[in-house]
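Numbering of the sequence shown is given in the working numbering, commencing with residue 454 and proceeding in unit increments.
Ideal placement from N, C-alpha and C gives every residue a C-beta, glycine not left out.
Remember, it's a predicted structure, so these values are computed and weren't measured experimentally.
Data first, discussion second: the structure below is written as structure tokens.
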Amino acid sequence: MVKSLNEIQKDFPILNQQVNDEQLVYLDNAATAQRPTQVTTALTEFYQTDNANVHRGVHTLAERATADYEAARRKLQKFINAKEPEEVIFTKGTTDGLNLVASTYGQQNVKAGDEIVISITEHHSNLIPWQQLALEKGATLKYIHLTDDGELDLDEAAKLITDKTKIVAVAHASNVMGTINPIKQLAKLAHEHGAIFVGDGAQSVPHIAVDVQDLDVDFYAFSGHKMMGPTGIGILYGKRALLEAMKPYQYGGEMIGFVHQFESTWLNCHTSLKLGRKTSLGQLA
Ligand SMILES: Cc1ncc(COP(=O)(O)O)c(C=O)c1O
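Put into structure tokens, the structure is as follows:
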């Protein structure tokens, strides 16, 4: 059933107020979207009926909370068409997801003389992690510029992306220009040269259908608060083989397999206890 504009407005009680003696009209959705009653009610109901520490208890509430948490992961897997739920990592948001990739995959795979390619219109969250990684490793950061009509210059991209490139990181939708960038083409270019492609989905996922398998991106980050979800949660999609080869982003909590006094092992992923392999999937906690 399609809702009328009036009915949709009723889902957002925050809009039912005056600001500066005028009816509130909220246009800052690219920064953060308002939450409809359906979202705030679901959050309140969770805290009032099911709240428990996920994956940490065997009592009824813990099982219900864990089931909800994993159901959300499967929903997100379908939403972006990831191959399997283990490829959906809960993060704090887009910034956190991009920093995770720079701090793990980037730290492990970028060395002096390598190159990282981004675009000149990237949000700071998809610029500074790569800039700092390049500075730390002695790698070079290169920028794809725009054509006169405001599109990414793909001819320049084809020249910039070479066998020296290790990472190409570009926003799917630009927060500066509003343009939808041809990231499927950029990912293909990156792969032809043995590099990985990291997509910043902060502005795209709230507006367009995203199919990570069709785009063939290696990592793709987005935020809950820009798509009417809660603040402080986001998603990092990553191809399983890459996630499994990465070192953990953070230590402690649910990522642990066994803890000994002077060494420890990590969970292989959130569903199975395979020891001895150091992976980043354990940071799902
Ligand atoms: C293109 C883009 N990338 C990344 C971010 C950072 O998102 P967050 O603050 O949710 O981590 C934003 C936020 O506006 C953005 O527009």
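- A heavy atom of ligand 1 is found nearer than 7 Å to the CB of T548.
- Runs of the alpha helix (DSSP H) lying entirely within the stretch 489-527 and spanning at least 4 residues, in chain order: 490-498.
- Each residue's CA atom was taken as its position, placing K679 and K456 some 21 Å apart.
- In the DSSP assignment, T615 falls outside any alpha helix (DSSP H), carrying neither H nor E.
- For T593, the enclosing beta strand (DSSP E) has its first and last residue at T593 to I597.
- L580 is not a Cβ neighbour of V563, given a cutoff of 8 Å.
- In this structure, Q585 has its CB at a distance of at least 7 Å from all heavy atoms of ligand 1.
- For P635, same chain residues with a beta-carbon under 8 Å away, outside a window of 5 residues either side, are L605 and L607 in chain order.
- Set against 7 Å, the gap from the CB of G687 to the closest heavy atom of ligand 1 is smaller.
- Distance from the CA atom of Y479 to the CA atom of F711, rounded to whole angstroms, is 49 Å.
- Here the alpha carbon of Q530 sits roughly 15 Å from the alpha carbon of L696.
- Remark: the shortest separation between the CB of A483 and any heavy atom of ligand 1 falls under 7 Å.
- The nearest non-hydrogen atom of ligand 1 is 7 Å or more from the C-beta of D464.
- In the assembly as shown, V511 is an exposed residue. Its beta-carbon has fewer than 16 other beta-carbons within 10 Å.
- Checking the 7 Å criterion, the Cβ of N469 is out of range of every heavy atom belonging to ligand 1.
- Boundaries of the beta strand (DSSP E) around E568: E568 to S572.
- Between T574 and S657, the C-beta spacing is not below 8 Å.
- Per the Cβ contact rule, the stretch 546-561 is in contact with the stretch 647-663 (3 or more Cβ pairs under 8 Å).
- Taking a 10 Å sphere around the C-beta of M708, we find 16 or more other C-beta atoms and assign the residue as buried.
- Annotation for N579 indicates a beta carbon within 7 Å of some heavy atom of ligand 1.
- Assignment of L480 by DSSP, reduced to helix, strand and coil, places it in the coil class.
- At the C-beta level, A505 and L514 come within 8 Å of one another.
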